[in-house]
Every structure is written in structure tokens, then in C-alpha cells.
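Enquirer: I'd like to ask you about the structure that follows.
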Amino acid sequence: MSKSFMSGQRPTAHFIPDIEAYMSGKQTEPTVRALEGQYTKFRFMEKALLQRKSGLAGRLPELNKALSALVLLARAADPDVDLVAEGLADADMPEASSQVTPPGAETGHFDMRFELAETLYAEGRIKTGAAFDTVHLWIGSNVMVAYPPKEALGVLRRNRDQTLTMMDGIDDDIAHIREQINILQVNVARIHNWDVKRRAALRQQAAK
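Add 90 to the 1-based position in the sequence shown for our numbering, that's all there is to it.
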């Protein structure tokens, strides 16, 4: 079970089981306005959570692309390394396993495209078997850190897994928020129905 993004701070709307008792001594319009105010707050929270999830989802393609590229380079540098067995890559990444021939094994090199900026790429030729001991990763908007290749793989994989875990937590929170929205909608509808019946009964009494 993923940890909730709200981490125990989930607001809750309470279902009103007995409308007659709940409305005793209350006026309908102020009561409905208060419930509708709660409804608006829950809708705002739902929107914020959806935006948060969208932002996290937008990180995944870049993380996966960086992870795949680094796995490819690591395998090209050492064709015998099994990154899956070492827990640094996923089993569904074909380029990670030592059972798969790495790129450039026959020609001694392979070509890659490197993104310099949005829609701007440069082509580079990578020699297989050429060792590299440093990988530079952006860890913030203006911060780049150098890592050994295997440590960089671990950083990227942890970031990807943490992003997925956070998205699962947000999904749980969205489901909770939507349940509270439904409860509030039911409460308001039942109060409206109760008020219609109450007014009808008052009119009948006045007509006698």
C-alpha cells in the first residue's frame, strides 16, 4: 500500500444519517451554504492533487530516458556486466541484461543523439569498451552532481521509483477526496429534499 501524499492529514466529510435531527434548530440556506463551502474546498484540493500528479507524471519520461541511456552506456563499456542481477536496472529493460548483445559489439561503436535543448540534438559516436568513470546528473534546476556510473544508475532508479510511489499516494488521496465530494453532494441533496417536504407540510397545515 503506497503512503498517502497527505500523510494522515486527510480532511473528512461526514455523512448525515438523520437529516431531521441534524436540521433541528438550523436554517436550511445557511446550512446548505456551509456544506457547499466544504464542497468547494474539496474540489480545490482535488484540482491541486491532479496538478501535482500531472507534474510528477511529466518527470517520468525524462527519468526513464536518462536511465535507459545510462544503462546503454554502461553495457557498451562492459558487455559482461549484468545490471539487472546487481539491482541497478529493471528486468524489462532489454539493454540491461548481459544475455543481450550490447550495441556496437560488431562495429566497435554506436551512434547516439544527445539533447542539448528542447528540439535541439547533437549526434555522437560512442566506442564500445571505452570505460567512463563519471556521470553528471542534474539534481535541481541549477545543480549538477558527478557520480560513478553505477551510483548514478541507483540515483535515477530511486528517483523513478519514488516518483511512482508518490503518484500512487496521490491516487489514493484523489479517491478519498472524491468520496468526500460524493458524501457532501448526497448531504446537500437530502437536505434539499427534506426542506421541500417540510415546506409542503407547512403549506398543508396552513390550508386547513
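Glycine included, every Cβ here is placed at the ideal spot set by N, Cα and C.
In whole angstroms, what is the alpha-carbon distance linking Met135 and Lys298?
Expert: In the sequence shown, residue 135 corresponds to position 45, counting from 1. In the sequence shown, residue 298 corresponds to position 208, counting from 1. Answer to the nearest angstrom: the Cα atoms are 50 angstroms apart.
Enquirer: Skipping 5 residues on each side, what residues in its chain have a beta carbon closer than 7 angstroms to that of Tyr237?
Expert: Looking up residue 237 in the sequence shown gives position 147. Closer than 7 angstroms at Cβ, skipping near neighbours: Val225, Leu227 and Val245.
Enquirer: Are Thr253 and Leu150 touching if we call contact CB-CB under 8 angstroms?
Expert: Here residue 253 refers to the residue found at position 163 when the sequence shown is read from its first residue. Here residue 150 refers to the residue found at position 60 when the sequence shown is read from its first residue. Yes.
Enquirer: Can you tell me the Cα-Cα spacing of Glu269 and Arg142, whole angstroms?
Expert: Translated into the one-based positions of the sequence shown, residue 269 becomes position 179. Translated into the one-based positions of the sequence shown, residue 142 becomes position 52. Those two C-alpha atoms are separated by around 19 angstroms.
Enquirer: Within 10 angstroms of the Cβ of Val235, are there 16 or more other Cβ atoms? Answer buried if so, exposed if not.
Expert: In the sequence shown, the residue the question calls residue 235 occupies position 145. Looking at its Cβ environment, which holds fewer than 16 other Cβ atoms inside 10 Å, Val235 is exposed.
Enquirer: Which two residues bound the contiguous alpha helix (DSSP H) that contains Leu274?
Expert: Here residue 274 is taken as the residue at index 184 of the sequence shown, counted from 1. It spans Pro239 to Ala297 - the alpha helix (DSSP H) in which Leu274 sits, taken as one unbroken run.
Enquirer: Which two residues bound the contiguous beta strand (DSSP E) that contains Lys217?
Expert: In the sequence shown, counting from the first residue as 1, residue 217 sits at position 127. That run of the beta strand (DSSP E) goes Leu210 to Lys217.
Enquirer: Residues in the same chain with beta-carbon distance under 8 angstroms from Ala156, minus the five sequence neighbours each way, listed in chain order, please.
Expert: Within the sequence shown, numbered from 1, the residue matching residue 156 stands at position 66. Excluding residues within five positions, the ones whose Cβ falls inside 8 angstroms are Leu227 and Leu246.
Enquirer: Taking buried to mean at least 16 other C-beta atoms within 10 Å of its own C-beta, is Pro120 buried or exposed?
Expert: Within the sequence shown, residue 120 is the residue found at index 30, counting from 1. It is exposed - the Cβ of Pro120 has fewer than 16 other Cβ atoms within 10 Å.
Enquirer: Pull up the distance between the alpha-carbon of Ile109 and that of Val276, whole angstroms please.
Expert: Indexing the sequence shown from 1 puts residue 109 at position 19. Indexing the sequence shown from 1 puts residue 276 at position 186. Going by the C-alpha atoms only, they are around 11 angstroms apart.
Enquirer: Return yes when the Cβ of Met257 is within less than 8 angstroms of the Cβ of Ala138, no when it is not.
Expert: As a first step, residue 138 must be located in the sequence shown, where it is residue number 48. As a first step, residue 257 must be located in the sequence shown, where it is residue number 167. Result no, Cβ atoms of Ala138 and Met257 do not sit closer than 8 angstroms.
Enquirer: Taking the beta strand (DSSP E) that Phe204 falls in, what are its first and last residues?
Expert: Start at 1 with the first residue of the sequence shown, and residue 204 comes out as number 114. Counting along the chain, the beta strand (DSSP E) containing Phe204 begins and ends at His199 to Ala207.
Enquirer: Find out if the Cβ-Cβ distance for the pair Ile271, Arg133 is shorter than 8 angstroms.
Expert: Within the sequence shown, residue 271 is the residue found at index 181, counting from 1. Within the sequence shown, residue 133 is the residue found at index 43, counting from 1. It is a contact, given that the beta carbons lie within the stated cut-off.
Enquirer: For a quick check, are the C-beta atoms of Val171 and Ala164 less than 8 angstroms apart?
Expert: By 1-based counting over the sequence shown, the position of residue 171 is 81. By 1-based counting over the sequence shown, the position of residue 164 is 74. Taking 8 angstroms as the Cβ cut-off, Val171 and Ala164 qualify as a contacting pair.
Enquirer: I think Gln128 touches Ala103, with their Cβ atoms under 8 angstroms apart; what is that distance to the nearest whole Å?
Expert: Looking up residue 128 in the sequence shown gives position 38. Looking up residue 103 in the sequence shown gives position 13. With 8 angstroms as the limit, Gln128 and Ala103 qualify as a contact, their Cβ atoms being about 6 angstroms apart.
Enquirer: Using 8 angstroms for Cβ pairs, my map puts Met202 next to Gly214. What's the rounded Cβ distance?
Expert: On the sequence shown, position 112 is the one that residue 202 refers to. On the sequence shown, position 124 is the one that residue 214 refers to. Confirmed, about 5 angstroms.
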